[in-house]
Ligand SMILES: *Cc1c(COP(=O)(O)O)cnc(C)c1O
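Numbering (my numbering), first residue to last: 1 to 400.
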């Protein structure tokens, strides 16, 4: 056993913040003006500059910087008009901030199954859209897997459903050439450390709907200072909503904004680096007997910041055995099949504050064999090869 290769790098280690960003942050700290509305003369705050730049990147009319992806989701729900008791269709397979945002707004989730490629199950979506009468869809492109967006947009159109996209794992990803976040009414992004840009915490909301944008800005906590935003609608639009949107205090500060601004010009290069690693892992893992990797559409330009695979024909104990054996050799695999939430992973039936949910057989079945690995950019291609080797050896041992 002892001569077997061990992987020693951390699965949670991100790349450092650039020296340029550190210098910019130091400058901001020296001014003491960390709050986005604390400007001098006609100075534009970092947060406002970030909004203008991200709206340009995303190709939307408006962008709002907020404190987290979860806050972006919550504000988006309220801004599109969700009221307590309203039904919202959502992926059953997503991360806890999504049900958390729905709960905060009083929305009643209608969870939709996941399919075997980790997309929202389109037949289940069509069926529940029809039967539930929900007017909203909160679509998570979970783990970066983008479903058939033509079909989703069509389902939404047929049933008059307003779509919010949770793009926490698809910032910079496209489907048939269109950026994720631009298919629905609102796109929500996270700049939390493990996402595609890293400011510790942070979120971005994009839209081209002026009313949604104005409501969102006010809800983010702009008071009546919305005029200093970087990519917001004009005063006459605010006049319609300014007294009708609650302040949810979710403003992004200038320090985090500066850190994100530094990373944005490199985002597409970062994505290419992620995908190089993803392809190396995907190719290697596909060749291992007993593992199943997702089918992706040719026109899905994903961001491979994490990888999912299924351990086929394995019992719970075998999967746990595999995960333990890999962990003992430094390879950190997460499992979505656990009955209890662990680390960042949880399942729809662990969000008990939402009340009893109907059993989702498809979701439980897919997640029972779903393994998940982060792919930090601090891994080299050789690292990816070693990870594949270790998983391959432990899979072979499992089948003995
Ligand atoms: C991270 C994440 C969020 C929310 O991001 P925070 O910035 O951590 O609030 C939302 N949805 C998904 C799927 C996520 O992974």
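Ideal Cβ placement from N, Cα and C applies to all residues, glycine included.
Buried or exposed by the 16-neighbour rule on C-beta atoms within 10 Å, applied to residue i
| i | result |
| --- | --- |
| residue 1 | Reliability of the predicted coordinates at residue 1 is poor, the pLDDT of 49 falling under 50, and no value is obtained from them. |
| residue 400 | exposed |
| residue 355 | exposed |
| residue 102 | buried |
| residue 304 | buried |
| residue 35 | exposed |
| residue 12 | exposed |
| residue 113 | buried |
| residue 111 | buried |
| residue 306 | buried |
| residue 262 | buried |
| residue 387 | buried |
| residue 46 | buried |
| residue 219 | buried |
Any non-hydrogen atom of ligand 1 within 7 Å of residue i CB
| i | result |
| --- | --- |
| residue 142 | yes |
| residue 166 | yes |
| residue 97 | yes |
| residue 49 | no |
| residue 169 | yes |
| residue 74 | no |
| residue 14 | no |
| residue 203 | yes |
| residue 184 | no |
| residue 94 | yes |
| residue 334 | no |
| residue 284 | no |
| residue 263 | no |
| residue 190 | yes |
| residue 200 | no |
| residue 342 | no |
| residue 69 | yes |
| residue 316 | no |
| residue 195 | yes |
Pick from the options that is closest to residue i, judged by C-alpha positions
| i | options | result |
| --- | --- | --- |
| residue 107 | 12, 86, 351 | 86 |
| residue 408 | 364, 355, 331, 353 | This structure cannot speak to residue 408, because the chain is shown only from 1 to 400. |
| residue 120 | 273, 144, 289, 97 | 144 |
| residue 221 | 243, 352, 341, 200 | 243 |
| residue 323 | 395, 287, 313, 253 | 395 |
| residue 332 | 245, 133, 321 | 321 |
| residue 274 | 295, 232, 374 | 374 |
| residue 9 | 393, 392, 384 | 384 |
| residue 292 | 299, 301, 281 | 281 |
| residue 340 | 352, 330, 329 | 352 |
| residue 161 | 114, 23, 151, 334 | 151 |
| residue 198 | 257, 381, 109, 185 | 257 |
| residue 182 | 367, 311, 139 | 139 |
| residue 287 | 270, 265, 311, 264 | 311 |
| residue 205 | 14, 381, 62, 358 | 62 |
Enclosing alpha helix (DSSP H) for residue i [first to last residue]
| i | result |
| --- | --- |
| residue 109 | No alpha helix (DSSP H) contains residue 109, which is instead part of the beta strand (DSSP E) from 108-112. |
| residue 238 | 235-241 |
| residue 368 | 361-368 |
| residue 219 | 210-219 |
| residue 377 | Per DSSP, residue 377 belongs to no alpha helix (DSSP H) and is neither H nor E. |
| residue 322 | 316-328 |
| residue 248 | First-last for residue 248: undefined, no H or E at that position. |
| residue 130 | 122-132 |
| residue 270 | 267-286 |
Boundaries (first-last residue) of the beta strand (DSSP E) holding residue i
| i | result |
| --- | --- |
| residue 310 | 306-311 |
| residue 65 | 62-66 |
| residue 437 | The structure shown has nothing for residue 437, since the chain only spans 1 to 400. |
| residue 87 | 87-91 |
| residue 162 | 162-166 |
| residue 140 | 136-140 |
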